[in-house]
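Okay, so here's the structure we're looking at.
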Amino acid sequence: MKNSVLGALLVAIPALTHAAPLDSALSCGESPRQFFSMLRAQHLIEASPMHVEPNSVNAFWPAHDVSLTAFNHDVFAVFGYQRGEPLFKPGDGSPADKPLYGVVVVAGMDSVRKSLRAAGSRASVERAAPFLTAIVCEGT
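In mature numbering (1 follows the signal peptide of the UniProt record, and there is no 0), the protein residues as written are -19 to -1, 1 to 121.
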């Protein structure tokens, strides 16, 4: 009896998590405002940033019950900034010159580059930390 209940719970757990691929949103054809408005409307990210860089780039955790992916890589965080946009909190330094948005994925740069190339994405790739890669779009 215990094993069947445990088995049923283990089968149900993935159904409780909302999976959301961000591939099309990372085609780099949107503004940061459009990108973040979509994420917030669908409750895919936390309401407040977890961190604000001195240049005002805001970083957000994915929502608690959401599993975000980008080009088949798990999303660790979502980031962005657009001057004059109230969605983003100001940092304590000079704001970024250009609007930008993107995600940090759990994967190496080479793997992410291959995925972006195969998808035809215009996003650029930057090293965020060991085994963490930023997929960056310059906003329109």
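Even glycine gets a Cβ: it sits at the ideal position worked out from N, Cα and C.
Bridge-paired residues (DSSP) for residue i
i: ARG108; result: THR114
i: GLU119; result: LEU81
i: ASP55; result: THR50
i: ALA6; result: According to DSSP, which records beta bridges pairwise, ALA6 is partnered with nothing at all.
i: PRO43; result: ILE26
i: ALA99; result: None, per the DSSP bridge assignment.
i: GLY61; result: ASN39, TYR82
For residue i, the three-state DSSP class (helix, strand or coil)
i: SER48; result: strand
i: LEU(-14); result: A caution first: LEU(-14) carries a pLDDT of 41, below 50, which makes its placement in the model unreliable, though a value can still be read off. The answer is helix: DSSP assigns LEU(-14) an H, G or I state.
i: ASP91; result: helix
i: PHE17; result: helix
Exposure label - residue i; buried when at least 16 CB within 10 Å
i: TRP13; result: According to the sequence as given, residue 13 is Pro; it is not Trp. Buried, by the Cβ-count rule.
i: PRO67; result: exposed
i: SER63; result: It is Gln, not Ser, that sits at residue 63 in the sequence shown. Under this definition GLN63 is a buried residue.
i: MET(-19); result: Note that MET(-19) scores 47 on pLDDT, short of 50, meaning its location in the model is unreliable and no value can be drawn from it.
i: GLY(-13); result: With a pLDDT of 44 at GLY(-13), under the threshold of 50, the modelled position of that residue is not reliable, and no figure is offered here.
i: GLY65; result: exposed
i: SER96; result: buried
Distance cut-off 7 Å: residue i Cβ against heavy atoms of the ligand MG
i: LEU49; result: Looking for the ligand MG in the displayed structure turns up nothing, as the structure carries no ligands at all.
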